[in-house]
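Residue numbers (this note's numbering): 693 to 1089.
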Ligand SMILES: Cc1cc2nc3c(=O)[nH]c(=O)nc-3n(C[C@H](O)[C@H](O)[C@H](O)COP(=O)(O)OP(=O)(O)OC[C@H]3O[C@@H](n4cnc5c(N)ncnc54)[C@H](O)[C@@H]3O)c2cc1C
């Protein structure tokens, strides 16, 4: 048995690292346990809205992050079939003026590394790799964590489950239903910018909407790479496979060729230039419907463990960062019990994350629309333009 830490965090992804960092900054000591033995270059590009960047700036890691991140000048939305412009949202300085921080695009590993470096220089956290949470038991005073590898038992005042989509902590908080397969796949690739025609090298986010698919691209790693994502609705019954799976080149070529059949030549050419693809079968859960789904007793959930979402609002990591900030804010109430702090965290978060989950699902329908819905979407974009694409409720929150 090891000595009790005030807060145990399980999961060393963006959510877990952010929680340990934020708690440390308000003087709360944490022990963080991650199942992997090392952190590899996991994931691909992600975008973070000003709502997340403001929090990272407040934690003092915005400067380091900006060394590898890119600041897109605008979001351009085009029709995947004929390339027609549907809408343009100015970002960069306009976002800084409006929301106090920019929208940044980056490689997930760079964000992870910034959080990890910051955490290592903060003496408030003990980071332990190669520890896979197996079970949790309670005593009146503490939570007991049992790990798979070496029978370690750890006691803590509270346990934060930041252990992702297939969380071990989640069933103890709010039941055990499985994640839902959306039937959508994300194919992700990184392309060296120097090999691309100049038309693709612009500091902007490009989004292309087509029937049952959309494509997103933006620069990452200081503009040296283009992150390219093709999101398609599966037709081959492979809807419930694993999370990050390698598809053979032949499978990928067939998937993309079929899905992009009606896309314009330029877009097809861009997709054909990607050297290597990885495929994600997209899973989520129904939107959170009460605070009880985020915390119970001495346990709380954050990030994908609490509210996994489709990436159609680009906010999964952003919401995990917001969760972490809110959690730290509640631990500043020293007069409250541990249970009350976690309850207040859940009360403060559940409606916002539920709205983001709902909007992400709705975007999936709008982005992939066909028939009358597509006509209505395109007309609304033509009339509403930038105003429709901006989201003060999200970026200003
Ligand atoms: C295609 C795609 C595009 C995306 N784009 C964006 C975007 O643009 N912007 C954005 O904000 N988000 C985006 N996301 C979502 C974002 O990547 C996730 O929401 C975010 O990474 C979740 O972080 P997390 O820390 O909650 O979970 P995870 O990253 O899943 O981390 C969980 C951690 O817990 C560990 N773990 C699991 N079980 C155990 C256990 N039993 N014991 C110990 N450790 C354990 C895992 O090894 C892992 O390190 C995207 C997702 C996808 C799939």
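A virtual CB, placed ideally from N, CA and C, is assigned to each residue, including glycine.
**Request:** Rank 718, 987, 944 and 1083 by C-alpha distance to the C-alpha of residue 1039 and give the top, closest one.
**Result:** 987
Report task. Grab me the residues of residue 718's own chain with a C-beta within less than 7 angstroms of its C-beta, minus the 5 sequence neighbours each way, in chain order. Result -> 1020, 1023 and 1024
Name the one or two DSSP bridge partners that residue 906 has.
901 and 923
Query raised in the report: Assuming residue 861 and residue 1034 make a contact with CB atoms under 8 angstroms, what is their CB distance in whole Å?
Result: Their Cβ separation, rounded to whole angstroms, is 12 angstroms, which puts residue 861 and residue 1034 out of contact at 8 angstroms.
(message) Measuring straight from C-alpha to C-alpha, what distance separates residue 852 and residue 701?
(response) 5 angstroms
Assuming residue 925 and residue 946 make a contact with CB atoms under 8 angstroms, what is their CB distance in whole Å?
Taking C-beta atoms under 8 angstroms as the contact rule, residue 925 and residue 946 fail to qualify, at a distance of about 15 angstroms.
If distances are taken between C-alpha atoms only, which option among 886, 1032 and 878 comes closest to residue 738?
878
Review point. If you run the structure through DSSP and keep just helix, strand and coil, what is residue 731?
Key: coil
### Task
Let me know if residue 900 comes out buried or exposed under the rule of 16 or more other beta-carbons within 10 Å of its beta-carbon.
With 16 or more other CB atoms across the displayed protein chains lying within 10 angstroms of its CB, residue 900 is buried.
- Query: How long is the line joining the alpha carbons of residue 968 and residue 894, rounded to whole angstroms?
  - Reply: 22 angstroms
TODO: Give the range of the beta strand (DSSP E) segment to which residue 836 is assigned.
DONE: Boundaries of the beta strand (DSSP E) around residue 836: 835–839.
On the three-state DSSP scale, how would you describe residue 753?
coil
Item checked: Per-residue DSSP class, three states only, for residue 717 -> helix
Practice prompt. Report yes if the C-beta of residue 1003 is less than 6 angstroms from at least one heavy atom of ligand 1; otherwise report no.
Written response: Yes; taking the cut-off as 6 angstroms, the Cβ of residue 1003 has a heavy atom of ligand 1 nearer than that.
Query raised in the report: Are the CB atoms of residue 765 and residue 943 nearer to each other than 7 angstroms?
Result: no
Starting from residue 996, trace the alpha helix (DSSP H) both ways and give me its first and last residue. First-last for residue 996: undefined, no H or E at that position.
| Hey, quick one: how far does the alpha helix (DSSP H) through residue 1064 stretch, first residue to last? | 1063–1081
>> Considering only heavy atoms of ligand 1, does any lie closer than 6 angstroms to the CB of residue 854?
In response: yes
| request: Along the alpha helix (DSSP H) that carries residue 973, what are the first and last residues, could you check? | output: Not the alpha helix (DSSP H): residue 973 falls in the beta strand (DSSP E), residues 970–976.
Query raised in the report: I think residue 1002 touches residue 1041, with their Cβ atoms under 8 angstroms apart; what is that distance to the nearest whole Å?
Result: Going by Cβ atoms, the distance from residue 1002 to residue 1041 rounds to 19 angstroms, so no, they are not a contact pair.
Residue 786 and residue 881 closer than 7 angstroms at C-beta: no
How is residue 956 classed by DSSP in three states: helix, strand or coil? coil
- Task: Within its chain, find whatever has a CB closer than 6 angstroms to the CB of residue 859; leave out the 5 residues flanking it on each side and keep chain order.
- Result: 853 and 997
Worksheet item: For ligand 1, is there a heavy atom less than 6 angstroms away from the beta-carbon of residue 1006?
Response: Answer for residue 1006: yes, Cβ within range of ligand 1.
Can you tell me where the alpha helix (DSSP H) holding residue 768 begins and where it ends? Run containing residue 768: none in the alpha helix (DSSP H); it sits in the beta strand (DSSP E), 766–771.
Problem set entry | residue 869 burial status per 10 Å Cβ neighbour count (16 or more: buried) | exposed
request  = Mind reading off the beta-carbon distance from residue 772 to residue 955? Whole number of angstroms is fine, and I expect it under 8 angstroms.
outcome  = 5 angstroms
Exercise. Is the beta carbon of residue 793 within less than 6 angstroms of some heavy atom of ligand 1?
Worked result: no
- So is residue 751 buried or exposed if we call it buried at 16+ other beta carbons inside 10 Å? buried
Examine ligand 1 and report whether any of its heavy atoms sits within less than 6 angstroms of the Cβ of residue 825. yes
What residues in its chain sit with their C-beta under 6 angstroms from that of residue 985, if we drop five residues either side in the sequence? 866
- ligand 1 heavy atom lying under 6 angstroms from the CB of residue 908: no
Legend entry - Residues near residue 725 in its chain [Cβ-Cβ closer than 6 angstroms; skip 5 each side]: In chain order, 702, 820 and 823 place their CB closer than 6 angstroms to the CB of residue 725, counting only its own chain and leaving out the 5 sequence neighbours on each side.
Practice task
Would you list the residues sitting across from residue 798 in a DSSP beta bridge?
Solution key: 738
Requested in this report: Assign residue 929 to one of three DSSP states: helix, strand, or coil.
Outcome: In this prediction, residue 929 has a pLDDT of 48, which is less than 50 and means its spatial position is unreliable; what the coordinates show is noted afterwards. Here residue 929 sits in coil by DSSP.
Check: Cβ of residue 860 within 6 angstroms of any heavy atom in ligand 1?
Finding: yes
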